[in-house]
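So the sequence shown is numbered by numbering that gives the first Met the number 0: it starts at 0 and just counts up by one. Below: one structure, written as structure tokens.
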Amino acid sequence: MKIDSIFFFRKKPGTATAFILEKRQGKPFAPLETENSKGEKVCYLTKLDGKANAKRKPSWNVSISKNNAKKLGLKTDNLSGIFIPLPEAANKGFGDCKYTGNGYLFLLGENLETLTILVFENQCSTVEQALFTRFLDGEFDAQISEFLEAS
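Put into structure tokens, the structure is as follows:
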């Protein structure tokens, strides 16, 4: 399975939830590339209240601005919840968007300073079982490392 796009975000200093896009590779993906009023390509990572677990209760939520969602004709500003089913791999999660059919894998950086998002087009139905297992097994590690190390 090929990753369609990889996005690397870094937490915006002085903010609680905003992450600024530093680089991307692969196919364009408009929800993660739309600029805010300051010209920044931004997404928001929000910790969700309540007890997260593998039974479809996400630990985190990734969203974009309501204005950008509206501009793109999206039904919601919510890109995806992040489900982190294994405590021993607390920096790796998966999610999907029922509106686009895409599957996502998420890599949370140390101290939540960075967020890497892998986009798999039209893979909503395979992300939880097949793709996340392969992610845990390290199948995408080389591709992610090459992307992060490239300038």
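We treat Cβ as the ideally placed atom computed from N, Cα and C, and that holds for glycine.
Excluding five sequence neighbours on each side, which residues of the same chain lie with their C-beta closer than 6 Å to the C-beta of residue i?
i   : result
K22 : F7
Quick check on residue i: does DSSP put it in helix, strand or coil?
i    : result
Q128 : helix
S4   : strand
A149 : coil
F134 : helix
Q142 : helix
Could you please give the first and the last residue of the uninterrupted beta strand (DSSP E) stretch that includes residue i?
i   : result
K22 : 17-25
CB-CB under 7 Å to residue i, same chain, minus the five flanking residues each way: which ones, in chain order?
i    : result
L47  : P57, S58, W59, N60
G100 : N121, C123
E148 : none
May I ask you to list the residues that DSSP assigns as paired with residue i?
i   : result
K10 : F18
Q32 : The sequence shown places Glu at residue 32, not Gln. Looking at the DSSP assignment, E32 forms no beta bridge with any residue, so it has no partner.
Between which residues of its own chain and residue i is the CB-CB distance below 8 Å, once the five residues before and five after are set aside?
i    : result
I5   : R23, Q24, G25, T115, I116, L117, V118, Q142, I143, F146
L130 : M0, F93, G102, L104, F119, Q122
- Query: Which whole runs of the alpha helix (DSSP H) in the segment 38-119 are 4 residues long or more, in chain order?
  - Reply: 65-70
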